[in-house]
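What follows is a set of notes on a single structure, which appears directly below.
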Amino acid sequence: MSGAQPISTAGPTEDDTRRSAALEQLARSFGLYEPEEESRLRQEVLGRLYEILQQWIKQTTERVMGADFSADAHVELFTFGSYRLGVHTPGSDLDTLCIGPRHVSRDRDFFGRLVQSADATATPAAAVPMTVCGANEESLYGMLERDGDVDQIVGVPEAIVPEIKMVFRGVEIDLAFVSLELDVVPRGVDVMKPTIFRNLDDASTKSLNGVRVAAYLFDLVPKIDTFREVLRCIKLWSKRRGVYSNVLGFLGGINMAILVARVCQLYPNAAPSTLLQKFFTVWDIWKWPSPVLLAPIVDEGLGLKIWDPRKNPIDKRDLMPIITPTYPCQNSTYNVTVSTLHIMKQELHNASMVCASIAKDEEKWEKLFERVDFFSLHKNFLQIKVTAASAEELKKWSGFVFSRLRKMIEQIEDSTAGTLHIHPCTEEFKDPQQDQDTHVLYYMGLKKAPKDLVRARLYPSQLSGKSFDLNAAVDIFRRILYNFKEHTPTMDCFVSSLKHKDLPGFVTASGAEEEKEKKPAAEEEETKPAEEERKKRPAEEVEERPEEEAKRARVDPPNGNGKASA
Numbered sequence: 045m046s047g048a049q050p051i052s053t054a055g056p057t058e059d060d061t062r063r064s065a066a067l068e069q070l071a072r073s074f075g076l077y078e079p080e081e082e083s084r085l086r087q088e089v090l091g092r093l094y095e096i097l098q099q100w101i102k103q104t105t106e107r108v109m110g111a112d113f114s115a116d117a118h119v120e121l122f123t124f125g126s127y128r129l130g131v132h133t134p135g136s137d138l139d140t141l142c143i144g145p146r147h148v149s150r151d152r153d154f155f156g157r158l159v160q161s162a163d164a165t166a167t168p169a170a171a172v173p174m175t176v177c178g179a180n181e182e183s184l185y186g187m188l189e190r191d192g193d194v195d196q197i198v199g200v201p202e203a204i205v206p207e208i209k210m211v212f213r214g215v216e217i218d219l220a221f222v223s224l225e226l227d228v229v230p231r232g233v234d235v236m237k238p239t240i241f242r243n244l245d246d247a248s249t250k251s252l253n254g255v256r257v258a259a260y261l262f263d264l265v266p267k268i269d270t271f272r273e274v275l276r277c278i279k280l281w282s283k284r285r286g287v288y289s290n291v292l293g294f295l296g297g298i299n300m301a302i303l304v305a306r307v308c309q310l311y312p313n314a315a316p317s318t319l320l321q322k323f324f325t326v327w328d329i330w331k332w333p334s335p336v337l338l339a340p341i342v343d344e345g346l347g348l349k350i351w352d353p354r355k356n357p358i359d360k361r362d363l364m365p366i367i368t369p370t371y372p373c374q375n376s377t378y379n380v381t382v383s384t385l386h387i388m389k390q391e392l393h394n395a396s397m398v399c400a401s402i403a404k405d406e407e408k409w410e411k412l413f414e415r416v417d418f419f420s421l422h423k424n425f426l427q428i429k430v431t432a433a434s435a436e437e438l439k440k441w442s443g444f445v446f447s448r449l450r451k452m453i454e455q456i457e458d459s460t461a462g463t464l465h466i467h468p469c470t471e472e473f474k475d476p477q478q479d480q481d482t483h484v485l486y487y488m489g490l491k492k493a494p495k496d497l498v499r500a501r502l503y504p505s506q507l508s509g510k511s512f513d514l515n516a517a518v519d520i521f522r523r524i525l526y527n528f529k530e531h532t533p534t535m536d537c538f539v540s541s542l543k544h545k546d547l548p549g550f551v552t553a554s555g556a557e558e559e560k561e562k563k564p565a566a567e568e569e570e571t572k573p574a575e576e577e578r579k580k581r582p583a584e585e586v587e588e589r590p591e592e593e594a595k596r597a598r599v600d601p602p603n604g605n606g607k608a609s610a
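Numbering-wise (this note's numbering), the sequence shown opens with residue 45 and increments by one.
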């Protein structure tokens, strides 16, 4: 579905405008708009990070290439993700990408990892052993680690998109790196040219794609402000309903952005309230695995793999293909499993029904955003307890375990022939009676799958039995975990089966407490006139400044007051 004519070009009616105003008011009551003070802090942090990167590249270039080359040394800093799209919320992280020249090594100069002494007994095919991040003190990681503004820094060099995670003056930042086939990176380098991918590895290609997709979306959407309003609401809905996590096989930010953009193309003049309703209508009746395309798939002939189920057998297995619109076009939802697709289809259908009632003025928008009570949905659960020796070690280890939970879902689906339905909880928990820095808990709900989801009756006895043997699936999952290259003896993971009655009290109580904390003002003070509520919040605290769009895209040299200039 791409390149099709709009379904309707009709503009909003009075009722559409009224419902859109109510929707915006509710979004504000949920705190979806960043205050001006926090926005300024992000700009200052990006400006300071830009300064550090320029200092680092000049020092690295002088060390590697000589002093004669350091004067022209330069890197570019881009943002992407929710911040670039203009739909970030207070406290959300910043996705950033640093682009440097060819002589800069991601391992040696960015992460500061050095090659350890070779093992004489190792086979030629064995991976080269590397030190931990920061071993090279002259690396960017080393510089950031010593910076007084930086806390909780962790390198994730083995991730699909290798990055440095840190907290910079209270702002969470994920920083990726790409080394281009250039001696000097030009100021204002055009990342949209396909030739930028020449001679890049897979990690660099994926890192660049985040920036390219975010930029290209604006060219494909009829009205950017309307797109943002709807995307904010979809993100809120998915979080409240427990289906916001690309890692676990649900929807992530870029997936939702593409789905919203497609609906905006189909109804280019519609109001946000109409587009929100159409979003659920369109994707409720969508015939998965038919792919969602914003633009035709184009092969630029640079040898990069693009999504094509006719040529790539593995692409035929995708259950919910949502294709990125820029070269190399790829499926952004390859993590989706049979279980998570079923859950999302249920949620989309329920939301479509609620929106239909709202359109008839039988329900209010609050109904759409009711928080799901995950633990009331199931009688049986898996508890995954992740432990480590310190907060820094736990952050690194739990991040790896969380990124691999989907593997356990797939193993359970396969080992039970699809007869067991696995529902991962998107939240993490901690036992208040234990050390908060050394453990984290994840949960999955278990139930027999609906008959229409059973893929093959390879194990007929499991369909009629009252229990499932998950030991083999869990053992495979644990083996995957302990292949973590930075694993230490103090990192562990325990998987146990629990009945609902055996769940810890702090887990089952958390839903009610969080619901109380996050209850929107619209619910707490329904008797207050909308005008009075609007007056309570100054416009400058929540409105998007027009010039912010350019600032989100690329970070330029800071001006005198430390801000990044557009």
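Every residue, glycine too, gets a C-beta built ideally from N, C-alpha and C. All values derive from a computational prediction rather than experimental measurement.
Checklist entry - Can Leu224 and Met210 be called in contact, C-beta distance under 8 Å? => result Contact flag unset, no.
Quick test of the definition: if touching needs 3 or more C-beta pairs under 8 Å, does the segment 403-422 touch the segment 343-350? In short, these stretches do not touch, since the Cβ pair count stays below three.
Relative to the C-alpha of Val380, which candidate in Met364, Pro369, Gln455 and Tyr371 has its C-alpha closest? Here the closest residue by C-alpha is Met364.
Skipping 5 residues on each side, what residues in its chain have a beta carbon closer than 6 Å to that of Pro353? Closer than 6 Å at Cβ, skipping near neighbours: Asp359 and Lys360.
Checklist entry - Thr431 lies in the alpha helix (DSSP H); which residues open and close that run? => result Per DSSP, Thr431 is not a residue of any alpha helix (DSSP H); the beta strand (DSSP E) it occupies stretches across Asn424 to Thr431.
Check: Between the Cα of Thr123 and the Cα atoms of Pro369, Gly214, Lys440 and Gly254, which residue gives the shortest distance?
Finding: Nearest to Thr123 by alpha-carbon distance, out of Pro369, Gly214, Lys440 and Gly254, is Gly254.
(Q) On the DSSP letters alone, give me the boundaries of the beta strand (DSSP E) that Gly125 sits inside. (A) For Gly125, there is no enclosing beta strand (DSSP E); the enclosing alpha helix (DSSP H) has its first and last residue at Gly125 to Leu129.
query: Just reading off the alpha helix (DSSP H) that Met397 is part of, what are its end residues?
result: For Met397, the enclosing alpha helix (DSSP H) begins and ends at Val382 to Ala403.
Item checked: Inter-residue Cα distance where the pair is Arg146 and Asp153 -> Those two C-alpha atoms are separated by around 12 Å.
Exercise. What are the boundary residues of the alpha helix (DSSP H) that includes Cys177?
Worked result: Run containing Cys177: none; DSSP gives neither H nor E here.
Exercise. Check whether the segment 430-443 touches the segment 525-537, counting contact only when three or more Cβ pairs, one atom from each stretch, lie closer than 8 Å.
Key: The segment 430-443 is in contact with the segment 525-537.
- Task: Tell me, to the nearest whole angstrom, how far the beta carbon of Phe113 is from that of Thr104; I am working on the premise that it is less than 8 Å.
- Result: Rounded, the Cβ-Cβ distance is 10 Å, inconsistent with contact.
Range of the contiguous alpha helix (DSSP H) that encloses Thr249:
From DSSP, the alpha helix (DSSP H) with Thr249 extends over Asp246 to Leu264.
Which of the three DSSP states, helix, strand or coil, is assigned to Ser375? Ser is not the amino acid found at residue 375; the sequence shown has Asn there. Three-state result, Asn375: strand.
Between Arg242, Lys492, Tyr94 and Leu320, which lies nearest to Glu457 when the distance is taken from Cα to Cα?
-> Nearest Cα to Glu457 within the set Arg242, Lys492, Tyr94 and Leu320: Lys492.
- request: Could you tell me how far apart the beta carbons of Met452 and Phe521 are, in whole angstroms, since I believe they sit closer than 8 Å?
  value: 4 Å between Cβ atoms; contact.
Q. When the Cα of Gly345 is compared with those of Thr140, Glu68 and Phe241, which residue comes out closest?
A. Of the candidates Thr140, Glu68 and Phe241, the residue whose Cα lies closest to the Cα of Gly345 is Phe241.
Between Ile208 and His465, what straight-line distance do the alpha-carbon atoms span, to the nearest angstrom? Those two C-alpha atoms are separated by around 35 Å.
Review point. Under 8 Å between the Cβ atoms of Gly156 and Ala179?
Key: Less than 8 Å separates the beta-carbon of Gly156 from that of Ala179.
For Pro134, which residues from the same chain have a beta carbon less than 7 Å from its beta carbon, with the 5 sequence-adjacent residues on both sides left out?
-> Hits under 7 Å: Gly75, Glu78, Pro79 and Glu82.
Checklist line | the segment 391-408 touching the segment 315-332, judged by at least three CB pairs closer than 8 Å | finding: The count of Cβ pairs closer than 8 Å, one atom from the segment 391-408 and one from the segment 315-332, reaches three, so the stretches are in contact.
* With Leu67 and Ser317 assumed to form a contact (beta carbons below 8 Å), what rounded beta-carbon distance in angstroms separates them? -> Contact flag correct, Cβ pair sits at about 5 Å.
Start and end residues, alpha helix (DSSP H) containing Thr140: Unbroken run through Thr140 is the beta strand (DSSP E), Leu138 to Gly144; no alpha helix (DSSP H).
Exposure label - Thr463; buried when at least 16 CB within 10 Å | Counting Cβ neighbours within 10 Å, Thr463 comes out buried, since at least 16 surround it.
- Check whether Val222 and Leu244 have beta carbons under 8 Å apart: Val222 places its beta carbon less than 8 Å from that of Leu244.
Note to self: Between the segment 49-58 and the segment 300-314, can you find at least three pairs of beta-carbon atoms closer than 8 Å?
What the structure shows: Enough Cβ pairs lie closer than 8 Å, so yes.
Just to confirm before moving on: does the CB-CB distance between Ser540 and Gln427 stay below 8 Å?
Yes, Cβ-Cβ distance for Ser540 and Gln427 is below 8 Å.
Quiz item: Once you ignore the five residues that flank Lys429 on each side, which residues in its own chain have a CB closer than 6 Å to its CB?
Solution: Contacts found: Leu485 and Phe538.
Between the CA atoms of Ala315 and His118 - distance to the nearest angstrom:
The C-alpha of Ala315 is placed about 44 Å away from the C-alpha of His118.
Give every residue of the same chain whose Cβ lies closer than 7 Å to the Cβ of Thr61, excluding the five residues on either side of it in the sequence, and list them in chain order. Close CB contacts of Thr61 within its chain, under the 7 Å cut and outside five residues either way in sequence, are with Ala315 (chain order).
- Query: Roughly how many whole angstroms lie between the Cα atoms of Ala65 and Ala433?
  - Reply: Taken atom to atom, the span from the alpha-carbon of Ala65 to that of Ala433 is near 50 Å.
Problem set entry | Expected contact under 8 Å - CB spacing of Ala301 and Leu337 to nearest Å | Their Cβ separation, rounded to whole angstroms, is 14 Å, which puts Ala301 and Leu337 out of contact at 8 Å.
Task: Nearest-angstrom beta carbon gap, Ile524 and Arg3 [assumed within contact, 8 Å] - done: Any answer about residue 3 is impossible in this case: the structure gives the chain only from 45 up to 610.
Q | Beta carbon of Leu490 nearer than 8 Å to that of Phe425 | A | With contacts defined as CB atoms closer than 8 Å, Leu490 and Phe425 qualify as a contacting pair.
Euclidean distance between Cα positions of Gly286 and Pro340 = So the two alpha carbons sit approximately 32 Å from each other.
If you run the structure through DSSP and keep just helix, strand and coil, what is Ile466? In this structure, DSSP gives Ile466 an extended state, which the three-state scheme calls strand.
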